[in-house]
Amino acid sequence: MGYKTIKELLDATKGVGVIGAFNIHNIEFIKGVVKAAEEENRPVIMMINEAVLMYGGIEILGGAAIAAAKQSKVDMAVMVDHGINIDFLKRCIDFGLDVMYDGSLLEFEENIKNTKEMADYAHARGRALEGEIGALGLSEDGDEEHEQRTTSVKEAVAFSEKTGVDILAVSVGNVHGFYKGKPHINVQRIKEISEAVPQLPVVMHGGSDIPYETIKASIEAGIRKFNIATDLKQAYAEKMRELLIQEPMPIQPLQLFPVVADAVTVVARKKIKMFDLVGDTK
Ligand code: 13P
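In this note's numbering, each residue's number is its place in the sequence shown (first place is 1) plus 52.
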């Protein structure tokens with residue numbers, strides 16, 4: 053058990069299930085996610101948003117996540133999520149992290165060129181790369197809104213052939229953050245893409261706030277990696293608020309940190325259990 057690449061984890065669970073990928077932002081998120089994975093005895097991927105990693109530091113926050121993965125009782129991978137800065141991402145790969153290069157807002161050919169450069173760089177160093185084709189409506193941190201562009205099967209095939217990516221993120225009605233109303237996920241398109249690029253695990257970004265029936269249908273259509281950030285952030289912030297409005301306000305870090313880490317664990321466990329109901333990754 054221990055630290056793996058995202059490709060190793062996905063190859064090991066091919067045909068038997070989906071892997072939960074959870075965004076972590078600090079030690080409490082790391083502890084919360086690791087505990088959930090160990091309690092459910094399931095492999096998971098920890099993801100660190102590029103801006104969060106720039107703030108936390110590759111060696112400090114990235115190093116903490118890798119150390120936690122190495123010590124964990126289950127297989128784990130750690131990756132940069134939605135990276136756009138090529139030089140920074142190369143430093144992350146040099147340090148031992150996997151990477152998602154997100155060129156989804158670029159012109160098709162430029163996305164292909166950059167993604168191929170990153171895939172070649174990662175593979176030469178024993179790491180794996182996720183790429184994205186099609187565009188989600190909202191950035192992962194909720195800061196930027198973009199025009200949503202659904203991934204076509206043709207694009208997915210060309211992108212896969214020309215870049216050599218290991219894992220493919222698609223836009224099929226999924227959005228980051230909370231959905232306005234019911235999510236409308238194009239399950240048929242997931243199926244068509246998964247069948248057209250059978251060698252490539254397909255990723256669902258924007259995995260929070262999706263009802264079980266849609267999660268199930270998406271996984272059955274071919275989703276192999278399910279990304280969750282917002283639901284964990286919400287649980288963490290709500291628990292922190294609950295603690296901080298107490299009188300007197302608790303100021304000892306150890307009165308706060310383990311409690312919010314446990315709030316992360318509760319939600320991550322719930323998600324892993326949901327994924328297991330669809331496909332068994334044991
Ligand atoms: P949510 O915040 O909607 O769960 O999305 C997570 C994600 O896709 C991270 O890349």
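From the three backbone atoms N, C-alpha and C, an ideal C-beta is built for every residue, glycine too.
Separation of the CB atoms of A73 and I97 is rounded to 4 Å, and the pair is thereby assigned contact status at 8 Å. For T167 against G183, the beta-carbon gap comes to about 4 Å, under 8 Å, which counts as contact. With three or more CB-CB distances shorter than 8 Å, the stretch 211-230 counts as touching the stretch 259-277. Under DSSP, D150 shares a beta bridge with M131.
For the 7 Å CB-CB criterion, R321 and A88 form a contact. Considering only Q123, P235, T317, V151, the residue with the shortest C-alpha distance to M53 is Q123.
Taking C-beta separations shorter than 8 Å and ignoring five residues to either side along the sequence, the partners of E247 in its chain run G274, following chain order.
Counting along the chain, V319 sits inside no beta strand (DSSP E); it lies in the alpha helix (DSSP H) bounded by residues 305-330. Burial of Y288 is indicated by the presence of at least 16 other C-beta atoms within 10 angstroms of its C-beta. K291 places its beta carbon less than 7 Å from that of V312. According to the DSSP assignment, K277 belongs to the beta strand (DSSP E) that extends over 275-280. Selection T215, H257, I112, I145 evaluated against N163 yields T215 as nearest (Cα-Cα). By the criterion of a C-beta distance shorter than 8 Å, F230 is surrounded in its chain by S260, D261, T282, once the five residues flanking it on both sides are discounted. Each residue's CA atom was taken as its position, placing I145 and V151 some 7 Å apart. Its chain contains G186, A187, S223 as the residues whose beta carbon lies nearer than 7 Å to that of R201, once the 5 sequence neighbours on both sides are disregarded; these appear in chain order. Of the residues I136, E213, V70, the one whose Cα lies closest to the Cα of P95 is V70. Excluding sequence positions up to five before and after Y264, its CB lies within less than 8 Å of the CB of M326, L329, all in the same chain and listed in chain order. A check of alpha carbon separations from Q251 across I58, E161, D63, E197 identifies D63 as the nearest. Distance from the C-beta of S156 to the nearest heavy atom of the ligand 13P is not below 6 Å.
Taking the Cβ atoms as the reference, K142 lies roughly 6 Å from Y173, within the contact range of under 8 Å. Contact between G114 and L149 is confirmed by a C-beta separation of about 5 Å, below the 8 Å threshold.
The C-beta distance from K59 to A180 rounds to 4 Å, short enough to meet the 8 Å contact threshold. Cα atoms of I219 and H175: separation of roughly 13 Å, rounded to the nearest angstrom.
Around V209, the same chain offers A248, V249 as residues with beta carbons nearer than 7 Å, after the five sequence neighbours per side are excluded. For the ligand 13P, a non-hydrogen atom lies closer than 6 Å to the CB of D133.
Around the beta-carbon of A119, fewer than 16 other beta-carbon atoms lie within 10 Å, marking it exposed.
Counted as a single uninterrupted DSSP element, the stretch harbouring M301 is not any beta strand (DSSP E), since DSSP gives it neither H nor E. As the crow flies, the alpha-carbon of E197 is around 19 Å from that of V104.
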